[in-house]
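Quick notes on the structure that follows.
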Amino acid sequence: MPVSERQLEAFADTHAWRIPFDTSPRYLAGPGDGRHVTHGLAAAGWIRTSDPLSPEIVLTSPDRRYRLQFDPQSATSAWWRLWAEPTDGTSWYAEFGELVPAEILAGLTDALIGPPPSEQPNPFRSLGWAGWVIEAQNSAVSLDGMCHVELRTSRVNGSAPHWHIETAEPLAGRLGAQIWHASFDEHTPAHLVEAFVTALASPAPLQRGMYQRIAHHSAVQKPSHPPTRQKALDAHTTRLDALRTQARAARRRQQPATTTAPAPPTSTSSALRR
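Offset between the sequence shown (1-based) and our numbering: plus 986.
So this is what it looks like as structure tokens:
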């Protein structure tokens, strides 16, 4: 199993002994536990291709088409980076700031493992359903004014529109100091952006432990029922099992169909024809 028993036990221990708080809005909940992302990808067959003794983690998909980097020593505001080299030759890139909640990023990586949706993705539609204010054809904002989603077009080189998400201090008529950001280049599949913003705008709170870092002092925390150690482990392994099943199904769909060639006649059948 890609995620070892020891790793699962460590995850369960971490979450079973914390005093939990339901934290909302979720985009202010802080980074949380990155294992929501890394364990999910490992369950889908991704492997660590970075130095095991380095704080940097690089996970690579089984087909080598995707690579996710987590670098807590990054000199920039981006701690998570995702590169894609699809078979059609169109590469794309996305990056995420230090304080992006792991559960929101996992919304995207889970969608990367599963099949694309049958209907046309529309991130703004998902935000509208969640009650966000659609300010124009190319932007939306949360009700507290602290999280903005934009489809940006460069006025300098006229490049194709790309998605930018920013959580920042609220100021009248403009964004204040940045808290965290997410940026997707123009070739990022729209269904992955939609998966990210759907997780971003969900009204469901995220659970954080007492003294665990949050992104902003305005986040609201309410005491939650602490899970037992076994419940924490069961919930995590159930998610990993589902991702493993999705990944196997996706690999089967990608395999070229094969036909069985007729077997050559045996000596017995040849003798019968004579």
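Idealized CB from N, CA, C, for every residue including glycine. On a predicted model such as this, the values are computed, not experimentally measured, just so you know.
- For the pair of segments examined, the region 1079 to 1086 was found to touch the region 1157 to 1177: the number of CB pairs separated by less than 8 angstroms reaches three.
- Of the candidates 1188, 1058 and 989, the residue whose Cα lies closest to the Cα of residue 1114 is 1188.
- When only Cα atoms are considered, residue 1075 and residue 1051 end up about 10 angstroms apart.
- In the structure shown, residue 1171 adopts coil according to DSSP, grouped into three states.
- In this chain, residue 1235 is not harboured by any beta strand (DSSP E); it is covered by the alpha helix (DSSP H) spanning 1215 to 1240.
- With respect to the 9 angstroms criterion, residue 1201 and residue 1016 are classified as neighbours on the basis of their beta carbons.
- For residue 1053, no alpha helix (DSSP H) segment is defined; the enclosing uninterrupted segment is the beta strand (DSSP E) at 1052 to 1056.
- The Cβ atoms of residue 1031 and residue 1096 do not sit closer than 9 angstroms to each other.
- If you check the CB distance, residue 1057 and residue 1041 come in under 9 angstroms.
- With fewer than 16 other beta carbons inside 10 angstroms of its own, residue 1196 counts as exposed.
- Within the region 1018 to 1064, complete alpha helix (DSSP H) segments of at least 4 residues are found at 1021 to 1029, given in chain order.
- By a beta-carbon distance limit of 8 angstroms, residue 1176 does not contact residue 1165. Their separation comes to about 25 angstroms.
- When rounded, the separation of the alpha-carbon atoms in residue 1158 and residue 1014 is 19 angstroms.
- Less than 9 angstroms divides the Cβ of residue 1215 from the Cβ of residue 1003.
- The C-beta distance from residue 1149 to residue 1179 rounds to 5 angstroms, short enough to fall under 8 angstroms.
- Counting the other Cβ atoms within 10 Å of the Cβ of residue 1047 gives 16 or more, which makes it buried.
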